[in-house]
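Here's the structure we're looking at; comments come further down.
There are 2 protein chains.
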Amino acid sequence: MDYLFSNRVKGLKPSAIREMFKFASDPSAISLSAGNPAPDAFPIQEIAKISERLLREKPIEVLQYGVTEGYAPLRRAVSNYLQEKHGIGRSFDGILITSGAQQVMDLATKSLVNEGDTILCEAPSFVGSLNTFRSYGAKLRGIPMEPDGMNLTALERALEEEKNVRFLYTIPNFQNPTGITMSLQKRRRLYKIAKTYHLLILEDNPYGALRFAGEDIPPIKSMDTDGLVIYAGTFSKVIAPGIRVGYCVAPQEIIQKMVVCKQGEDVHTNLWAQMVCYELLEHCDFGAHLQRLKSVYRRKAKVASDALDRYLAPRISYLPIQGGLFFWCTLPNGADMLSFCQEAVKRKVCVVSGNTFLTDETQPSSSFRINYTTPTDENLIKGIQILGGILPEK
Amino acid sequence: MDYLFSNRVKGLKPSAIREMFKFASDPSAISLSAGNPAPDAFPIQEIAKISERLLREKPIEVLQYGVTEGYAPLRRAVSNYLQEKHGIGRSFDGILITSGAQQVMDLATKSLVNEGDTILCEAPSFVGSLNTFRSYGAKLRGIPMEPDGMNLTALERALEEEKNVRFLYTIPNFQNPTGITMSLQKRRRLYKIAKTYHLLILEDNPYGALRFAGEDIPPIKSMDTDGLVIYAGTFSKVIAPGIRVGYCVAPQEIIQKMVVCKQGEDVHTNLWAQMVCYELLEHCDFGAHLQRLKSVYRRKAKVASDALDRYLAPRISYLPIQGGLFFWCTLPNGADMLSFCQEAVKRKVCVVSGNTFLTDETQPSSSFRINYTTPTDENLIKGIQILGGILPEK
Chain A
1 MDYLFSNRVK GLKPSAIREM FKFASDPSAI SLSAGNPAPD AFPIQEIAKI
51 SERLLREKPI EVLQYGVTEG YAPLRRAVSN YLQEKHGIGR SFDGILITSG
101 AQQVMDLATK SLVNEGDTIL CEAPSFVGSL NTFRSYGAKL RGIPMEPDGM
151 NLTALERALE EEKNVRFLYT IPNFQNPTGI TMSLQKRRRL YKIAKTYHLL
201 ILEDNPYGAL RFAGEDIPPI KSMDTDGLVI YAGTFSKVIA PGIRVGYCVA
251 PQEIIQKMVV CKQGEDVHTN LWAQMVCYEL LEHCDFGAHL QRLKSVYRRK
301 AKVASDALDR YLAPRISYLP IQGGLFFWCT LPNGADMLSF CQEAVKRKVC
351 VVSGNTFLTD ETQPSSSFRI NYTTPTDENL IKGIQILGGI LPEK
Chain B
395 MDYLFSNRVK GLKPSAIREM FKFASDPSAI SLSAGNPAPD AFPIQEIAKI
445 SERLLREKPI EVLQYGVTEG YAPLRRAVSN YLQEKHGIGR SFDGILITSG
495 AQQVMDLATK SLVNEGDTIL CEAPSFVGSL NTFRSYGAKL RGIPMEPDGM
545 NLTALERALE EEKNVRFLYT IPNFQNPTGI TMSLQKRRRL YKIAKTYHLL
595 ILEDNPYGAL RFAGEDIPPI KSMDTDGLVI YAGTFSKVIA PGIRVGYCVA
645 PQEIIQKMVV CKQGEDVHTN LWAQMVCYEL LEHCDFGAHL QRLKSVYRRK
695 AKVASDALDR YLAPRISYLP IQGGLFFWCT LPNGADMLSF CQEAVKRKVC
745 VVSGNTFLTD ETQPSSSFRI NYTTPTDENL IKGIQILGGI LPEK
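The following block contains the structure:
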């Protein structure tokens, strides 16, 4: 039987990272390729206690169908939290609980983008989101990254040149894969540009709470006086990813379309998980949990940067980080990044090659991404040491 | 700000049923409109015990990212179960765990259907699936229902007339909304027609295990020697819907495309829920649980049909059932179904009007759907009694 697939999926490939995830399940391999948060920071005891109580006191509520918009107490708690903590949410905004922030990308694209329309994104950017955009037949145009966020001159040029731009996708905090954080000044300029061009911004903030050094910078959504920003958040990095709970704050009109799309996609998000998130947010000391989590990440990032300094730098350079999950490493001029990554796999260390994150994967890249949060300290150091042995000494 | 939505979602409306679900949360209303399984049949104690053990023994596995295809032990357990119990699954088939069976409809449509392509479906059919098909810009053509399943002559006519038919959607057991089960003879003829026309069949079987009388009829997928059937199953009705776990068995090539789409949609299904389903299926007496569940449904269906006989029949006729969640009731000639349903809402009883389930909702229908599994016995009887009072006595 010859199957006819839809045009939108014909050219789609599985995410290189998700595929490596399978390779990484080989116990003798060292995976520095995942985007997994540190399991040492999962609030396991609290989740177990909450879960036991929910299934004892409100089992039917946990197990029966719920509304598509999400568990009402969680929606209120997240709204309040975002309002108080980040100044997010105005009278025209609504909130939707999603099955991970990935679903925000999906629902926003489904609601706003026709096949052939353009989505602007940082170059490089998170391949999971790029693949979602591709799966709706969107044309992608990359805006080059600079140390303080995307190049806004290049953004304006793209806005002049491209037709049917439906939104700009950005990860302003500890961007995936580069770890770069957009400066406050650039956020303000970006919002001004968005206003001028009636440009919607899809602001993806999975890592904002993982800042272990420096000062928080207000999200773009906090400046959104005009209903231009769709904000995506998630509990994957601050509670746990396996529970698949994210959320979206956006103008009510957009939320309504996303709700209809979600009805047809998975009806609603797993209720046990939503109720666990609610209890952690409202009835535990969530602030103390975040502090503990930050100290885990701070310590672990230090282990990684010490190893990077010792075994890789200066031949392989890397950007210092103040939060997030990744180090972005760049090979010296002339080195072949793809054969470097292949050699790493042969030596049973997995990193993600930089071209994976480009809008056109066939373009060259001299960088690769390292995740420092998933491996044990021992494997992290050993993995970086093995990477250091690949390049010949000068 | 004027938002531009994609063509595919412009005309989408929220599911009438999901919207009524909100109304039904008014505690003084009697909802006969949901598609909720009977909460008395949820295996609450078992889930609580399993959950406690999982979070104690394998917390990281429960809480960390998993693979998109689904929790491997669950995939194996479901494959074995379907093979042994229903003869489902051949060497060319693969299995994917989804966030409810609704996601199977979504992923199959996304993978197979271009905007403007045709999907054939039973008329009437489950509005949740119809809305998913609509959300990808599919054209719907309804095939009228008969007491033993869809009219196959009408199906052949449609196949001759329609261009770019991508698949046929059917719920062969205790169909939603009519409760009709397709006869074995028709299933065989349908498969033969599919072979002749190279027609894919999307077989949705949420209610098959809820048969409390009569004999099981083999699923169409069990006859699938040619890789024509995409089979959707779910734990929503046999365990609980709030956990959102379904599955799909289909030719590996189709599964692969669906996996890529799922990566972009929600990465993977909630792991706690997948592991709970696995433990219930493999390490509890799942057969005994199903027997208990059937006895709950058998008893409850008797309460409903007694009340229907007493208060509605013969003025309002209904189809007797041997399983599933619904009674399909039809008003006498000349009665106005929409004003009947509106009057019911005024009297605080919620049913779903028949036109909701049509490919063209503006077409007339003289029927409405009753769910008997969600309300208490008392409310079920009282609700039906109130419905009986709406039509004037002859």
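Each protein sequence line maps, in turn, to chains A and B.
Under our numbering, read the first sequence as residues 1 to 394, first letter to last.
Under our numbering, read the second sequence as residues 395 to 788, first letter to last.
We put the beta carbon where it would ideally sit given N, CA and C, even for glycine.
Values in this document were obtained by computation on a predicted structure and should not be read as measured data.
With distances taken Cα to Cα, identify the nearest neighbour of B/Y465 among B/R686, B/Q668, B/A428. B/Q668
Between B/I633 and B/P437, which are expected to be in contact by the criterion C-beta below 8 Å, what is the C-beta distance as a whole number of angstroms? 6 Å
Please give the ranges of any beta strand (DSSP E) in the stretch 171-248 of chain A, keeping only runs that are unbroken, at least 3 residues long and fully inside the region. For the stretch 171-248 of chain A, the continuous beta strand (DSSP E) assignments of 3+ residues that do not extend past its boundaries occur at 201-204, 229-234, in sequence order.
Using 8 Å as the Cβ pair cut-off and three pairs as the minimum, do the stretch 284-301 of chain A and the stretch 334-353 of chain A touch? Touching, no, given that fewer than three Cβ pairs across the two stretches are closer than 8 Å.
Under a three-way DSSP split, which group does B/P714 fall into? coil
Can you say whether A/G11 is buried or exposed, counting buried as having 16 or more other CB atoms within 10 angstroms of its CB? exposed
Does the CB of A/I47 have a neighbour CB from chain C at under 8 Å? This model lacks chain C altogether; the protein chains it does include are A and B.
Please go through the same chain and pick out, in chain order, the residues whose beta-carbon is closer than 8 Å to the beta-carbon of A/N7, but skip the five residues on each side of it. E115, G137
What is the C-beta distance between B/E516 and B/M539, in whole angstroms, given that I count them as a contact (C-beta under 8 Å)? 6 Å
Just how far apart, CA to CA, sit B/V456 and A/T376? Spanning the alpha carbons of B/V456 and A/T376 requires a straight line of approximately 19 Å.
Per DSSP, B/L562 is paired with what? DSSP links B/L562 through a beta bridge to B/L514, B/I595.
Residue nearest to B/F527 in terms of C-alpha spacing, selected from B/M544, B/A552, B/L562, B/L553: B/L562
Indicate whether at least one CB of chain B lies closer than 8 Å to the CB of A/I119. no
With distances taken Cα to Cα, identify the nearest neighbour of A/K221 among A/I97, A/R187, A/G354, A/D309. A/R187
Taking DSSP's pairing of strands, which residues face A/N371 in a bridge? A/F326
Can you name the residues that DSSP bridges to B/I491? In DSSP, B/I491 forms a bridge with B/Y641.
Which residues bound the beta strand (DSSP E) around B/E540? 533-540
Indicate whether at least one CB of chain A lies closer than 8 Å to the CB of B/S485. no
Can you round the beta-carbon distance between B/K589 and B/D620 to whole angstroms, since I take them to be within the 8 Å contact cut? Indeed, because the Cβ distance is near 6 Å, the residues count as touching under 8 Å.
Mind listing, in chain order, the continuous beta strand (DSSP E) runs of no fewer than 3 residues lying wholly within the stretch 67-98 of chain A? 93-98
Can you list, in chain order, the residues of the stretch 183-194 of chain A whose Cβ is nearer than 9 Å to any Cβ on chain B? none
Whose Cβ in chain B lies nearer than 7 Å to the Cβ of A/T132? G658
Collapsed DSSP secondary structure at B/C735 in the structure displayed: helix
Chain A within 8 Å of B/M617, Cβ atoms only: Answer no: the Cβ-Cβ gap between B/M617 and chain A never drops below 8 Å.
Span of the alpha helix (DSSP H) around B/G777: 771-782
CB A/I180 to CB A/L202, shorter than 8 Å? no
Check B/M669 in the structure and name its three-state DSSP category. helix
Start and end residues, alpha helix (DSSP H) containing A/H397: Absent from the model: residue 397 of chain A. The displayed extent of chain A is 1 to 394, so no value can be given.
Return helix, strand or coil for A/M258, following the three-state DSSP convention. When secondary structure is reduced to three states using DSSP, A/M258 falls in the helix class.
B/T628 versus B/S493 - alpha carbon distance: 9 Å
Residues of the stretch 622-639 of chain B with a CB closer than 9 Å to any CB of chain A: list them in chain order, please. L622, S630, I633, A634, P635, G636, I637, R638, V639
Rounded to whole angstroms, how far is the Cβ of A/V276 from the Cβ of A/I50, which I believe are closer than 8 Å? About 5 Å; that satisfies the 8 Å criterion.
Distance cutoff 8 Å, beta carbons only. Does B/G597 sit that close to anything in chain A? In the sequence as presented, Gly is not what sits at residue 597 of chain B; that position holds Glu. Not an interface residue.
Beta-carbon proximity list for A/I171, same chain, < 6 Å, skipping 5 on both sides: D204
Should A/L280 and A/G66 be called a contact, given that it needs their Cβ atoms to be closer than 8 Å? no
Give me the chain B residues within the contact set of A/R56, using Cβ-Cβ distance strictly less than 7 Å, ordered along the chain. A442
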